[in-house]
Amino acid sequence: MKLPNGPQIPALLQMVRWIANPMSFIEACAKSYGEIFTIRLERNSPPMVIVSNPLALQQILTNDTKELEAPGDRLFEFLLGKHSVITISGAEHQRQRQLLMPPFHGESMRNYSQVITDVTQKVISQYEIGKPFNIRSATQAITMRVIMQAVFGLHEGTRAEKLQHFLGEILEKASSRLIVAFLFFPALQRDFGPINFWGKQMRRQQQADQLIYEEIRERREEPDSSRTDILSLLMAARDEAGQPMTDEELRDELMTLLAAGHETTATALAWALYWIHKLPSVRQKLLQELDSLGDDPDPSIIFKLPYLNAVCSETLRIYPVAIATFPRVVRTPISLGGYELEPGTVVLGSIYLTHQREDIYPEPKQFKPERFLERQFSPYEYLPFGGGAKRCIGLAFAQLEMKLALAKILSSLELELVDNSEVRPRRRGLVTGPDRPIQMVITRQRQVRSKGFALIPQPLLPDLGEGEPEFQNPSPRYGRGI
Ligand code: HEM
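Last residue of the sequence shown: number 526 in my numbering, and the count goes up by one each step with no gaps.
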């Protein structure tokens, strides 16, 4: 077997670079070794092949369970448990996914629109004109309340507030680079007396679990068929054998949705607000488009706005929150990108490197929403939500939340960046985020102009047809769509 080339430095050093600054590490590797290369994070662990070629990505993302399997990602088990859709694999994974998907479709999605708009309004009304604040704290407050409301049907009341408090702390600590070191070196996962980082984290988690189990128990004792929140839908769901989810499964899936749905979208929203205010022409075009809708526009119209869609797409292209898909493991020998890979080899689709390809995205370091109006990208050229068997369950939810929250914020407030210097991405736990707080300030409240007053110039409004627009357009140049 000849593996793709890769750095020859010791595995421990590769691990340190992977933990400290994964983007610059893989960018340097891609420069030296191209669109498929091998890294080693531990001396005795399997090699990890990193891929950023759309054809190879298509192969790995459409091949689940045959030659390449998506195993459960054990790194997340400390937080999400053994039954989370993220930590399980095979038939069990498919079963859980089927049970989880309905709350993220159709009517359920429409119910979330009002929640998103109301929560955003409430959160932004707490900030004062002229007082700088960290925009990520604001977007975190929005996404936490929205996900609590969607998952439990409540974000107020003692239990909800306590749960938000513990979850906020757990996820904040889980975002540190320190925790990544704990995860990659399991020997560290013990109570270390006064330092006690891991022990404290586990205790917070037990407290959050206790609150989640209390909520589940109460719902079982007093079922209410009129409730439409995700917990109620999951409790009523049955698998093909007619079986409901157990309490442990429910706890793990709720924790999964809270964790996956909160941090990711908060970061994406913070980046979007950064770019919109960094680049005045982007803000101006966006405001023209939003103002043309007048007061209180319908959420479904906001969702379909072409320039808003392009801004959100570009935000997730340039600095994707997840830099890679979940790992896939080779089960039977395969040929990938001209290399023969043996069983046991781990393969990662690099979302970040694919989005930085000069041949697909000319001037990839520039924030240019227009590229999403001028061209269509295949699901293997543009994949901020991954793809295949593990594709993000919350994709439509996140898109809706980003667009409605941005529309609300931009229509209500004039904001400015306090400091116009560049913000770069860095590791935040197992995902990425801004490398420093992005301080913004409200300069004044905005008055939305009446409908039709400010029209966006025609070239920005291509005919996208009737279908529900997605961030990525499913019209592949390299081959068949998912
Ligand atoms: C901007 C926001 C988000 C981004 C960028 C994002 C990105 C991703 C990515 C890249 C994956 C891995 C896909 C793969 O390996 O192919 C994923 C999986 C997942 N996401 Fe998201 N996500 C976001 C928001 C959400 C939200 C709002 C939820 C739920 C409320 C959610 C729930 C999940 C779940 C449950 C999985 C695991 C799916 C599985 O294992 O089968 N995500 N997400």
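For glycine and all other residues, C-beta sits at the position ideal for the given N, C-alpha and C.
Quantities reported herein were computed from a predicted structural model and do not represent experimental measurements.
Can you say whether residue i is buried or exposed, counting buried as having 16 or more other CB atoms within 10 angstroms of its CB?
i: P267; result: exposed
i: A280; result: exposed
i: P503; result: Low per-residue confidence applies at P503: pLDDT is 32, beneath 50, and the placement is therefore not dependable enough to give any value.
i: T311; result: buried
i: P91; result: buried
i: K166; result: exposed
i: I173; result: exposed
i: I345; result: exposed
i: K46; result: exposed
i: I53; result: exposed
i: A218; result: buried
i: Q170; result: exposed
i: T183; result: buried
i: D463; result: exposed
i: G125; result: buried
i: L392; result: buried
i: S465; result: exposed
i: Q103; result: buried
i: M145; result: exposed
i: L409; result: Per the sequence presented here, residue 409 reads as Lys, with Leu not at that position. Answer is exposed; the Cβ neighbour count stays below 16.
i: G496; result: Only weak support exists for where G496 lies, its pLDDT of 41 falling under 50; the value from the coordinates is given anyway. Exposed.
How is the alpha helix (DSSP H) around residue i delimited, first residue to last?
i: T487; result: Where T487 is concerned, there is no enclosing alpha helix (DSSP H), although the beta strand (DSSP E) it sits in stretches over Q483 to Q489.
i: M192; result: I179 to F196
i: M67; result: P66 to Y77
i: G243; result: F241 to E265
i: H149; result: It is not in any alpha helix (DSSP H) - H149 carries neither H nor E in the DSSP assignment.
i: L302; result: D291 to K322
i: R141; result: G134 to L144
i: E418; result: R415 to E418
i: I130; result: Note, I130: premise wrong, no alpha helix (DSSP H); not H, not E.
i: Y351; result: P350 to I362
i: E121; result: E121 to L124
Run through the DSSP bridge pairs and tell me what residue i is partnered with.
i: Y383; result: L380
i: A368; result: S394
i: P408; result: According to DSSP, which records beta bridges pairwise, P408 is partnered with nothing at all.
i: V95; result: I80 and G393
i: V373; result: E113 and V390
So for residue i, helix, strand or coil by DSSP?
i: G338; result: coil
i: M279; result: helix
i: I173; result: strand
i: D108; result: strand
i: L215; result: helix
i: E458; result: strand
i: K166; result: helix
i: L504; result: Because L504 carries a pLDDT of 31, less than 50, the predicted location of this residue cannot be relied on, and the following value inherits that uncertainty. Three-state DSSP puts L504 in a helix.
i: Y424; result: coil
i: A440; result: helix
i: Q158; result: helix
i: L85; result: coil
i: K46; result: coil
i: I345; result: helix
i: R435; result: coil
i: A204; result: helix
i: R271; result: coil
i: F210; result: helix
i: R401; result: coil
i: E284; result: coil
i: F497; result: Because the pLDDT at F497 is just 37, under 50, the model does not fix this residue reliably, and the value given afterwards should be weighed accordingly. Reduced to three states, the DSSP call for F497 is coil.
i: I453; result: helix
Could you please give the first and the last residue of the uninterrupted beta strand (DSSP E) stretch that includes residue i?
i: P469; result: P469 to R472
i: G477; result: V475 to P478
Going by the beta-carbon positions, is the gap between residue i and residue j smaller than 8 Å?
i: M67; j: E86; result: no
i: S95; j: S394; result: The sequence given here has Val at residue 95, not Ser. It is a contact, given that the beta carbons lie within the stated cut-off.
i: K348; j: L461; result: no
i: G438; j: G305; result: yes
i: S128; j: D253; result: no
i: T82; j: A449; result: no
i: L112; j: I378; result: yes
i: A354; j: L417; result: yes
i: R375; j: N65; result: no
i: W319; j: T359; result: yes
i: K80; j: Y383; result: It should be pointed out that residue 80 corresponds to Ile in this sequence rather than to Lys. Yes, Cβ-Cβ distance for I80 and Y383 is below 8 Å.
i: Q531; j: C356; result: The shown model of the chain, from 45 to 526, leaves out residue 531, and the question about it has no answer.
i: D117; j: T106; result: no
i: T487; j: E458; result: yes
i: I274; j: A194; result: yes
Using a Cβ-Cβ cut-off of 8 Å, state whether residue i counts as contacting chain B.
i: I362; result: Within the model displayed, chain B is absent; a lone protein chain is all it includes.
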